[in-house]
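Trainee:
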Amino acid sequence: EEKKKWTLDDFDIGKALGKGKFGNVYLAREKSSKFIIALKVLYKSAIKEFENQLQVQREVEIQSHLRHPNILRLYGYFHDDTRVYIILEYAPKGSVYNFLMSQPQKRFTEDVCARYIRQIADALKYCHVRNIIHRDLKPENLLLGSNGEIKIADFGWSVHTPSSRRTTICGTLDYLPPEMVNGNSHDEKVDLWSLGVLCFEFLCGKPPFEATSYTDTYRRISKGYFNFPSHIPKGAQDLIRALMKVNPDERLRLESVLKHPWILSFR
Ligand SMILES: COc1ccc(/C=N/Nc2[nH]nc(C)c2C(=O)Nc2cccc(NC(C)=O)c2)cc1
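Converting from the sequence shown to our numbering requires adding 292 to each position, the first position being numbered 1.
#1: Can you tell me whether K417 is helix, strand or coil according to DSSP?
#2: Spatial neighbours of W485 within its chain, please: CB distance less than 7 angstroms, with the 5 preceding and 5 following residues excluded, ordered by chain position.
#3: What first and last residue would you give for the beta strand (DSSP E) that runs through V482?
#4: Please classify A308: is it buried, with 16 or more other beta-carbons within 10 angstroms of its beta-carbon, or exposed?
#5: Check whether the stretch 341–353 and the stretch 293–304 are in contact - that is, three or more C-beta pairs closer than 8 angstroms.
#6: With DSSP run on the structure shown, which of helix, strand or coil describes D372?
#7: Using the three-state DSSP reduction, which class does R350 fall into: helix, strand or coil?
#8: Taking the alpha-carbon positions, what's the A445 to A415 distance?
#9: Just to confirm before moving on: does the CB-CB distance between V473 and I425 stay below 8 angstroms?
#10: Going by beta carbon distance, what residues of the same chain come within less than 7 angstroms of A383, once the five residues before and after it are set aside?
#11: How big is the Cα-Cα spacing for Q529 and K430?
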């Protein structure tokens, strides 16, 4: 089906799943196969205005070639004169962000957190071995499949490593490592830092450097200084500290994350 020339006429469009900066995501069904997908509709005017053509092309190019149970499939794309349409896997249980916010204390239990971190680490290992870094891991970009499994989505910021950022960072700094907020060159180890931030947030209910101002968050990330709430188990603290090293070379490798005692204690 990669070679097929899709058009909007091939799909019945359903409800809007979510609204983004460049356009919306709709539930859709391919007419002949009745296959359910998510159709991401981006307005060319919005993409052009923010000079994001390159990022959209990268997202499609990179994600369409990835095949992993914890990476959202990109089946194809097409465009008309005003919009670009990206045909994506439908993850029925929505975003991890939404699931996190629906928890009574806005946080997950240890076993849910450990399961998610293990699945994300496995998907990242698959990407890194192909020299692909995601660079934008955050709960909004993680979706949940029908069995509650993690699906890493939105490779709009992914690039081939090593890289130096050319596009201005917009949105939260919370998940970015010191080398990216300082604009230094960076490699796949940026995703290790973000994995640590995710683990912290899943257990604590807020990211480690959450602050009122951008500059305050920036300063705290650069120093890599953060505190754990008292209820965080020691095993998880050890893993998070091992991932959130300011020096990228000191961060725990993904193979070791998958063999970490705290991760293994929830198999
Ligand atoms: C509002 O409640 C919802 C419950 C479930 C969904 C499922 N979304 N599933 C998706 N599969 N493939 C893609 C791409 C998506 C997707 O983008 N979802 C999405 C996007 C933006 C916001 C949300 N919001 C929530 C609540 O999950 C979901 C979306 C919304």
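Note that CB positions come from ideal geometry on N, CA and C, so glycine has one too.
Mentor: The structure says:
#1: Locating residue 417 in the sequence shown gives position 125, counting from the first residue. Reduced to three states, the DSSP call for K417 is helix.
#2: Residue 485 sits at position 193 when you count from the first residue of the sequence shown. Closer than 7 angstroms at Cβ, skipping near neighbours: P469, L535, M536 and R543.
#3: The sequence position of residue 482 within the sequence shown is 190, counting from 1. Taken as a continuous stretch (DSSP letters only), V482 belongs to no beta strand (DSSP E), being part of the alpha helix (DSSP H) at V482 to C496.
#4: Here residue 308 refers to the residue found at position 16 of the sequence shown. Answer is exposed; the Cβ neighbour count stays below 16.
#5: no
#6: As a position in the sequence shown, residue 372 is number 80, starting the count at 1. Looking at D372 - three-state DSSP - the assignment turns out to be coil, as it is neither helix nor strand.
#7: Within the sequence shown, numbered from 1, the residue matching residue 350 stands at position 58. Looking at R350 - three-state DSSP - the assignment turns out to be helix.
#8: Numbered from its first residue, the sequence shown carries residue 445 at position 153. Numbered from its first residue, the sequence shown carries residue 415 at position 123. Computed Cα separation, rounded: 11 angstroms.
#9: Locating residue 473 in the sequence shown gives position 181, where the first residue counts as 1. Locating residue 425 in the sequence shown gives position 133, where the first residue counts as 1. No, Cβ-Cβ distance for V473 and I425 is not below 8 angstroms.
#10: As a position in the sequence shown, residue 383 is number 91, starting the count at 1. Around A383: L364, L435, L436, G437 and K443.
#11: In the sequence shown, counting from the first residue as 1, residue 529 sits at position 237. In the sequence shown, counting from the first residue as 1, residue 430 sits at position 138. Rounded to the nearest angstrom, the two C-alpha atoms are 19 angstroms apart.
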